[in-house]
Every structure is written in C-alpha cells, then in structure tokens.
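Numbering (the numbering used here), first residue to last: 2 to 264. Beta carbons: idealized from backbone N, C-alpha and C, even for Gly.
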Amino acid sequence: MKKITAILLSALLVLSLAACGSSNQNTVEDTPAETEVATPATKSDDSSTDESTVEPTDDETENAETSGTAEAGSGNILIAYFSVMETDGVDTVAGASRVAVNGEVLGNNEYIAKIIQREAGGDLFAIETVQDYPTTHDPLLEFAYDEKADNARPELAAQIENPDSYDVIFLGYPNWNADLPMPLYTFLEEYDFSGKTIIPFTTHGGSGFSRTIQTISELQPDATVISDGLSISRNSVPGAESEVAAWVNGLNLTDPRAGNEPL
Ligand SMILES: Cc1cc2nc3c(=O)[nH]c(=O)nc-3n(C[C@H](O)[C@H](O)[C@H](O)COP(=O)(O)O)c2cc1C
Numbered sequence: 002m003k004k005i006t007a008i009l010l011s012a013l014l015v016l017s018l019a020a021c022g023s024s025n026q027n028t029v030e031d032t033p034a035e036t037e038v039a040t041p042a043t044k045s046d047d048s049s050t051d052e053s054t055v056e057p058t059d060d061e062t063e064n065a066e067t068s069g070t071a072e073a074g075s076g077n078i079l080i081a082y083f084s085v086m087e088t089d090g091v092d093t094v095a096g097a098s099r100v101a102v103n104g105e106v107l108g109n110n111e112y113i114a115k116i117i118q119r120e121a122g123g124d125l126f127a128i129e130t131v132q133d134y135p136t137t138h139d140p141l142l143e144f145a146y147d148e149k150a151d152n153a154r155p156e157l158a159a160q161i162e163n164p165d166s167y168d169v170i171f172l173g174y175p176n177w178n179a180d181l182p183m184p185l186y187t188f189l190e191e192y193d194f195s196g197k198t199i200i201p202f203t204t205h206g207g208s209g210f211s212r213t214i215q216t217i218s219e220l221q222p223d224a225t226v227i228s229d230g231l232s233i234s235r236n237s238v239p240g241a242e243s244e245v246a247a248w249v250n251g252l253n254l255t256d257p258r259a260g261n262e263p264l
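This is how it looks when you write it as structure tokens:
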C-alpha cells in the first residue's frame, strides 16, 4: 500500500511540475517587451532595460503597431519632434541614436521627422530645451532618469510661431524610461491642441510607445490623438525610409506643399 501511495505521489509531482513549466513559458512569451521596462526601479535597471534586457520589437509587432489607416483629415501640418543625437557609439549601426544621411548626421526622430515632412509637407519644429542634454549615452541616461524622478518640466528654448494655424500635429519623440521625455510634458502642457489631430511617432530600443499615447491623450484631452502612430526600433531607423513614407501616405493627408524631393 505504501509503495502504491509513493508511486501515486511521484506521478502527481511530475504532472504538477510539467504544468508549472508550461505556464512560465506562456508568461514569458505573452509578456510584451515594454512591460519589462514599465517601471525602472533603479538607475542600473533603467539603463539595462533600455540597452540590454529589452528585446527589440520584432518586425511583425512593428507592422501591427504601424498598420491601419488613420483618417487624420487635411489641413496645415506641423511636425514637432524631440531628438537627442548621441555622439558616442558608431553611426548607423544597431543601437546608435543617430543616422548619417547624405553627409548629415541626425538624431533618429529628427530623421523620421524629415521623411514625414518630405512626404506630407508641413513645417518642422524641433522641440529644444534651454538646458543642454549630455550627448554621450550613459550621462544622458542618468540625466534623463533624474529628470523623470524629479517630474521636471524643462524650459523650452523656442515657441511655435503660430500654433493655431495647424490642424494636424505629428509629434515625434524617443521612448525614454518607458515614458515621454520630460520636455514633451512641458510642450504638451504649454500648448492647447484642442480640436486638432495629433499623430504620434517614436523610435525606441525595444519598448515601442509604452504608455505614451495615452499620456498624450491625457495631456491634450480635447485633441484627437491617433492611436496607431508610427513606432520604429532604433535598429531599423537607417532602413526605415520606405516604411515611413508608406505610413504617411496611408494617412491620406493633403498638403499642397508635400513633395518627393530627396532629404
Ligand atoms: C535617456 C534614455 C532612456 C531610454 N529609455 C528607453 C526605454 O525605456 N525603452 C526603450 O525602448 N528605449 C529607450 N531608449 C532608447 C531610445 O528610445 C532610442 O535610442 C531612440 O531611438 C533615440 O531617439 P533620438 O535619437 O531621436 O533621441 C532610451 C534612450 C535614452 C537616451
């Protein structure tokens, strides 16, 4: 009898271990990369989630994120972007936060903004701050982490000349610490885009938009915020021109100034 009980107990143990293993596997597969970086606990966690532990979003996810046609309407277009070009690392390789194009070196979101302008027309506006950001990676990570911890509102260095003249605002930014960079908070609190359409785009190290589109909607409750904005992994930025162009053209925006000149 003891022997039979022991055999039954062993069988139960094996079965429960097998079930546990398979549920762990599902959790890992089902957990989006962005969940992993949602709440950086420490500075070192933060930099490692950014660079090391965040798996780059695969192409399928990218396409899912960027598919769908946003009927943004027509009208005057502003392309506002924040981008910090880093000066360390190697140009145009995976992980770099800059792109070399036609002899010019641009930040990732700056590059995407320029493609959007070429395709859609409109005015470019660089969101810049009075303070300078470090341009090397680790000091920049630390600076941005502190700024987020302080819930800072860095002062902007320039204002949009005539914000009321725009109906559509493309808004581009890097994912920083699974959030908007703090200057985007200043920007979105400084302007009232009620009645306008905001079309977000981002480049990132694996987290996609994180929660940033909801945050934009919260900060601009009376604007229409397009939820299927363009999200591009920084690893894909150098080869993203045709994807960006196709996305912009799929939005059915009409601006007579749109052209197809090279950047
Ligand atoms: C301070 C800082 C924090 C970052 N945090 C994240 C992050 O949480 N998740 C992520 O996917 N990428 C993160 N990144 C990577 C950037 O989103 C990515 O390099 C982006 O392409 C930079 O765009 P830019 O060249 O226009 O500034 C971070 C980069 C920096 C500098």
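Starting from the C-beta of VAL131, find all residues in its chain whose C-beta is less than 8 Å away, skip the five residues before and the five after it, and write them out in chain order.
PRO155, GLU156, LEU157 and ALA158
Alpha-carbon to alpha-carbon, ALA121 and SER208:
27 Å
How many Å lie between PHE144 and LEU252 at the Cα?
36 Å
With distances taken Cα to Cα, identify the nearest neighbour of SER84 among ILE200, PHE194, ASN110 and MET183.
ASN110
Please give the ranges of any alpha helix (DSSP H) in the stretch 99–146, keeping only runs that are unbroken, at least 4 residues long and fully inside the region.
109–121
Any heavy atom of ligand 1 within a distance shorter than 6 Å of the CB on TRP248?
no
Considering only their Cβ atoms, is the gap separating VAL245 from ILE80 smaller than 7 Å?
no
Taking Cβ positions, are TYR174 and PRO182 nearer each other than 7 Å?
yes
With H, G and I counted as helix, E and B as strand and the rest as coil, what does DSSP make of ASP168?
coil
In three-state DSSP terms, what is LEU157?
strand
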